[in-house]
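Peer 1: Chains as they are written, first to last, in our numbering: chain A, 212 to 418; chain B, 9 to 269. Glycine included, each C-beta is placed from N, C-alpha and C at the ideal position. Remember, predicted model here, so these are calculated numbers, not experimental data.
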Ligand SMILES: Nc1ncnc2c1ncn2[C@@H]1O[C@H](COP(=O)(O)OP(=O)(O)OP(=O)(O)O)[C@@H](O)[C@H]1O
Ligand SMILES: [Mg+2]
């Protein structure tokens with residue numbers, strides 16, 4: 212799926228060789244400031260490596276149209292932004308941004324259920340709590356049904372119990388639908404429990 | 009009823025500077041400060057206007073297409089540098105280039121449309137029409153672009169995370185910033201729209217006042233005023249539209265990554 216060769220980005224990332232398999236769940240662990248977010252951004256071309264090669268499905272990332280690539284490899288940022296309006300507006304705007312048709316409200320409701328967000332579609336999204344926002348943002352990503360999900364600490368504002376539940380749900384979703392998932396997490400327990408493979412990034416290097 | 013304006017004698021004019029003295033006395037007495045600035049402003053106004061007066065006097069007396077075009081170019085350059093100066097914070101050189109191109113092409117199109125098709129001056133370079141009317145279009149477009157650039161730059165800075173989030177979901181950059189560019193455009197043309205709202209009721213526009221003082225009938229004066237307002241609206245619209253759309257592209261690189269230093 213992803214292959215990295217001698218990739219360098221400023222003095223933040225330096226990876227000589229790395230392969231990330233298809234249809235597996237990969238967890239990324241490492242200390243704060245180690246370069247985990249930067250690593251994810253390299254994979255969807257939000258930033259470009261200074262040197263080296265990154266392949267996605269055996270094709271150089273720089274050979275893809277960046278927007279088309281990002282629609283296949285969707286990233287949930289570390290502090291996702293909530294869009295103006297209602298929860299439904301958040302879903303609709305996500306579809307607008309990616310040139311998709313609006314789905315039925317049923318689809319949105321189903322997603323809310325998946326992320327255990329017990330809210331009405333027409334509730335104001337700006338009133339959601341930090342953890343609720345995070346789950347709405349995850350639901351927005353799932354709405355797009357990407358081939359690959361890049362999740363940057365998707366559960367950082369959740370309590371332990373909700374965290375387990377949400378990660379379990381999204382991991383199952385990835386496995387059942389043959390999707391690749393790369394997830395940054397601060398929790399070694401979560402990584403051990405759910406991931407097929409764990410990558411440790413420290414000072415920009417895989418250890 | 010067309011008659012000449014009353015000529016002001018030099019001695020009478022000198023007397024007008026008493027208003028500057030009043031201001032200076034107040035700021036000094038009340039410890040407000042800034043006397044230097046007030047003196048400099050009065051001095052600059054005097055010197056600049058005297059210089060412009062003599063230059064225009066010469067240009068009007070010696071009608072020549074090169075003079076008219078030359079003055080137009082000088083006004084454009086001053087306006088463009090004025091815009092650069094009014095932007096809060098640094099702007100990229102590619103945005104500067106877009107500003108210059110938008111200003112130059114947008115105003116030129118509207119100036120020639122206005123002078124040749126609406127007013128129909130003859131010859132086309134007739135300086136006593138060409139220069140002041142171009143100046144008004146350029147001046148208003150300059151204000152519009154300054155507002156537009158500031159809104160654009162701040163919009164990108166304030167919404168960087170949101171734009172990044174849109175891109176990460178797979179949005180085309182220009183769609184991701186549509187709300188910002190639309191708002192910048194609207195804010196830039198708003199003063200022109202507002203001045204049309206209040207025109208004639210809240211204030212008498214400067215050009216109309218000038219024409220009436222110079223002896224034109226109010227009816228002639230309003231016809232010119234309406235025409236120039238349309239010209240200004242057109243020029244502001246064109247320049248700002250150009251700048252906002254092309255300018256927002258400068259915030260992204262060829263890999264559609266957001267590019268804010
Ligand atoms: N565009 C950039 N230019 C320069 N330095 C950057 C840039 N982006 C990130 N950094 C720096 O690179 C380092 C790694 O940042 P990164 O966000 O990837 O860390 P992280 O592992 O995600 O940390 P955290 O767990 O705190 O989120 C940090 O020191 C950060 O300040
Ligand atoms: Mg991070």
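Assess contact between the stretch 354 to 363 of chain A and the stretch 297 to 315 of chain A, defined as three or more Cβ pairs (one per stretch) separated by less than 8 Å. Is contact present?
Peer 2: Yes, the stretch 354 to 363 of chain A touches the stretch 297 to 315 of chain A.
Peer 1: Cα separation between residue 214 of chain B and residue 228 of chain B?
Peer 2: Cα to Cα, the separation comes out at about 14 Å.
Peer 1: Tell me, please, whether the CB atom of residue 259 of chain A is closer than 8 Å to any CB atom in chain B?
Peer 2: Chain B contact via Cβ: present.
Peer 1: Kindly give me the distance between the Cβ atoms of residue 414 of chain A and residue 245 of chain A, rounded to whole angstroms, as I take these residues to be in contact under 8 Å.
Peer 2: About 6 Å separates the two Cβ atoms, so the contact holds.
Peer 1: Given a cut-off of 8 Å, decide if residue 213 of chain A and residue 266 of chain A are closer than it, judged by their beta-carbon atoms.
Peer 2: Yes, the Cβ-Cβ distance between residue 266 of chain A and residue 213 of chain A is below 8 Å.
Peer 1: Tell me whether residue 96 of chain B, by its Cβ, gets closer than 7 Å to a heavy atom of ligand 1.
Peer 2: Flag unset: Cβ of residue 96 of chain B not near ligand 1.
Peer 1: So for residue 313 of chain A, helix, strand or coil by DSSP?
Peer 2: Coil at residue 313 of chain A, not helix or strand.
Peer 1: So what does residue 129 of chain B bridge to, in DSSP terms?
Peer 2: According to DSSP, residue 129 of chain B bridges with nothing at all.
Peer 1: What residues from chain B crowd round residue 305 of chain A, counting only those whose CB sits closer than 7 Å?
Peer 2: Simply 177.
Peer 1: What residues from chain A crowd round residue 264 of chain B, counting only those whose CB sits closer than 7 Å?
Peer 2: Going along chain A in sequence order, the residues near residue 264 of chain B (Cβ under 7 Å) are 277 and 278.
Peer 1: Classify residue 411 of chain A as helix, strand or coil using the three-state DSSP reduction.
Peer 2: Residue state, collapsed to three classes: strand.
Peer 1: Under 7 Å: does the beta carbon of residue 417 of chain A sit that close to some heavy atom of ligand 1?
Peer 2: False, no ligand heavy atom lies under 7 Å from that Cβ.
Peer 1: Is residue 391 of chain A buried or exposed, if buried means 16 or more other CB atoms sit within 10 Å of its CB?
Peer 2: When all chains shown are included, residue 391 of chain A counts as buried.
Peer 1: Between the Cα of residue 89 of chain B and those of B:25, B:107, B:143 and B:73, spot the shortest distance and give me the residue it belongs to.
Peer 2: Nearest C-alpha to residue 89 of chain B: B:107.
Peer 1: Round the Cβ separation of residue 110 of chain B and residue 247 of chain B to the nearest angstrom and send it over; I've been treating them as touching at under 8 Å.
Peer 2: Right, their Cβ atoms sit about 5 Å apart.
Peer 1: Reducing DSSP to helix, strand and coil, say where residue 217 of chain A ends up.
Peer 2: Strand.
Peer 1: Could you give the first and the last residue of the continuous alpha helix (DSSP H) run that contains residue 217 of chain B?
Peer 2: That run of the alpha helix (DSSP H) goes 214 to 221.
Peer 1: With 16 as the cutoff for other CB atoms within 10 Å, does residue 260 of chain B come out buried or exposed?
Peer 2: Buried: at least 16 other Cβ atoms inside 10 Å.
Peer 1: Closer than 7 Å to a non-hydrogen atom of ligand 1 - does that hold for the CB of residue 91 of chain B?
Peer 2: No, since every heavy atom of ligand 1 falls outside the 7 Å radius drawn around the Cβ of residue 91 of chain B.
Peer 1: Is the beta carbon of residue 247 of chain A within less than 7 Å of some heavy atom of ligand 2?
Peer 2: Yes, Cβ of residue 247 of chain A sits closer than 7 Å to a heavy atom of ligand 2.
Peer 1: So the candidates are A:272, A:298, A:271 and A:305; which of them puts its Cα closest to the Cα of residue 287 of chain A?
Peer 2: For residue 287 of chain A, the nearest C-alpha among the options comes from A:305.
Peer 1: Please classify residue 281 of chain A: does DSSP put it in a helix, a strand, or coil?
Peer 2: Here residue 281 of chain A sits in helix by DSSP.
Peer 1: In or out: residue 230 of chain A buried (at least 16 other Cβ within 10 Å) or exposed?
Peer 2: Flag for residue 230 of chain A reads exposed.
Peer 1: Which term fits residue 159 of chain B, buried or exposed, when burial requires 16 or more other beta carbons within 10 angstroms of its beta carbon?
Peer 2: Burial call: buried.
Peer 1: With distances taken between CB atoms, is the gap from residue 280 of chain A to residue 256 of chain A smaller than 8 Å?
Peer 2: Contact: yes.
Peer 1: On the DSSP bridge assignment, give the partners of residue 446 of chain A in chain order.
Peer 2: The displayed coordinates of chain A run from 212 to 418. Any statement about residue 446 of chain A would go beyond what the structure contains.
Peer 1: Closer than 8 Å, CB to CB, is residue 355 of chain A near chain B or not?
Peer 2: Yes, its Cβ sits closer than 8 Å to a Cβ of chain B.
Peer 1: Which value, in whole angstroms, describes the spacing of the CA atoms of residue 272 of chain B and residue 251 of chain A?
Peer 2: In the structure displayed, chain B extends from 9 to 269; residue 272 of chain B sits before or after that span and is not available.
Peer 1: Can you give the Cα-Cα distance for residue 20 of chain B and residue 52 of chain B, rounded to whole angstroms?
Peer 2: Cα-Cα distance, rounded: 20 Å.
Peer 1: Whose C-alpha, out of B:138, B:59, B:25 and B:87, is nearest the C-alpha of residue 239 of chain B?
Peer 2: If we check each option's Cα against that of residue 239 of chain B, B:138 comes out closest.
Peer 1: Reducing DSSP to helix, strand and coil, say where residue 263 of chain B ends up.
Peer 2: Reduced to three states, the DSSP call for residue 263 of chain B is coil.
Peer 1: How far does the alpha helix (DSSP H) with residue 329 of chain A in it extend, from its first residue to its last?
Peer 2: From DSSP, residue 329 of chain A is part of no alpha helix (DSSP H); its letter is neither H nor E.
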